[in-house]
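Working notes, structure below.
Numbering (the numbering used here), first residue to last: 78 to 318.
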């Protein structure tokens, strides 16, 4: 699949990025993210977003400290909603009409997640931000991004990463011989055990031939470039694409 044909995308953003490396939300970071997304929308791309909550809570980490995993995951879901509302605010300040849909009902702050309604918003040029993960424990926001992309008919999942600009044969931060991969099939990535997202998300994309673009969010402008289909990062795709 060429990267110049995106009409509708799902963008996965890490919660850690929203905090700028700290707990909470860094307004300057979220504003910069919103400006890049707004530029992508202005280019005519329909953009849906899934945001993590790692700048507030990570269920797996809380579980290791003795907390019940399901309860910890629900706390993480609430953290994602806080990030969604922050991003919505800054997107609307950029003039982008935005809707937040959540997998857990909270009618005073967001719509309930309804795929057909999300599609309608996108068709009207609105950005839709999906919050509260899958609404169930034990599911990562990586998996939610893939699942939402399939339900709303997105053409690609754009996975932004911090600290790395693509998929490599090994961790480039620890292995000087790591080689950058610009293009790889899901089968090749599995064979090399290059699990850049959690396995459930990877399997969903592989089984449904949904391409995944993994790219670095550290460089200014990369979010916009990924949204509009410029060549960057690593495109992971089915063998016959």
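Glycine included, every Cβ here is placed at the ideal spot set by N, Cα and C.
Express the C-alpha separation of residue j and residue i in angstroms, rounding to a whole number.
i	j	result
residue 158	residue 209	6 Å
residue 215	residue 163	25 Å
residue 201	residue 122	11 Å
residue 147	residue 132	18 Å
residue 259	residue 310	6 Å
residue 119	residue 194	21 Å
residue 190	residue 143	31 Å
residue 150	residue 213	8 Å
residue 178	residue 199	12 Å
residue 167	residue 174	11 Å
residue 356	residue 275	With the chain covering 78 to 318 only, the question about residue 356 has no answer from this structure.
residue 152	residue 269	34 Å
residue 204	residue 197	11 Å
residue 306	residue 87	12 Å
residue 104	residue 160	11 Å
residue 165	residue 244	30 Å
residue 207	residue 107	16 Å
residue 237	residue 248	16 Å
residue 141	residue 95	23 Å
Measuring alpha carbon to alpha carbon, tell me which residue in the options is nearest residue i.
i	options	result
residue 242	298, 216, 205	298
residue 57	315, 239, 263	The structure shown does not extend to residue 57, since the chain is modelled only from 78 to 318, so the question has no answer here.
residue 313	107, 85, 145, 264	264
residue 85	102, 266, 291, 231	231
residue 228	285, 250, 245, 181	285
residue 262	96, 291, 211	291
residue 155	109, 134, 138	134
If you run the structure through DSSP and keep just helix, strand and coil, what is residue i?
i	result
residue 79	With a pLDDT of 43 at residue 79, under the threshold of 50, the modelled position of that residue is not reliable, and the figure given next carries that caveat. Here residue 79 sits in coil by DSSP.
residue 308	coil
residue 175	strand
residue 97	coil
residue 169	helix
residue 256	coil
residue 90	strand
residue 188	strand
residue 156	helix
residue 235	strand
residue 125	strand
residue 141	helix
residue 262	strand
residue 279	helix
residue 146	helix
residue 301	helix
residue 85	strand
residue 206	strand
residue 293	strand
residue 245	strand
residue 229	helix
Is it right to say residue i is buried, meaning 16 or more other beta carbons lie within 10 angstroms of its own, or is it exposed?
i	result
residue 83	buried
residue 272	exposed
residue 186	exposed
residue 288	buried
residue 225	buried
residue 100	exposed
residue 176	buried
residue 117	buried
What I want to know is whether the C-beta of residue i ends up closer than 6 Å to one or more non-hydrogen atoms of the ligand ATP.
i	result
residue 108	Within the structure as shown, the ligand ATP is missing, as the structure has no ligands at all.
- Item | Segment contact flag, the region 85-99 with the region 123-139, C-beta cutoff 8 Å, min 3 pairs | With a cut-off of 8 Å, the region 123-139 and the region 85-99 count as touching, because enough Cβ pairs lie within range.
- Using 8 Å as the Cβ pair cut-off and three pairs as the minimum, do the region 103-113 and the region 286-303 touch? At 8 Å Cβ cutoff, the stretches touch.
- Query: Does the region 221-228 come close enough to the region 248-261 to have 3 or more Cβ pairs within less than 8 Å?
  - Reply: By the Cβ rule, the region 221-228 does not count as touching the region 248-261, because fewer than three pairs are nearer than 8 Å.
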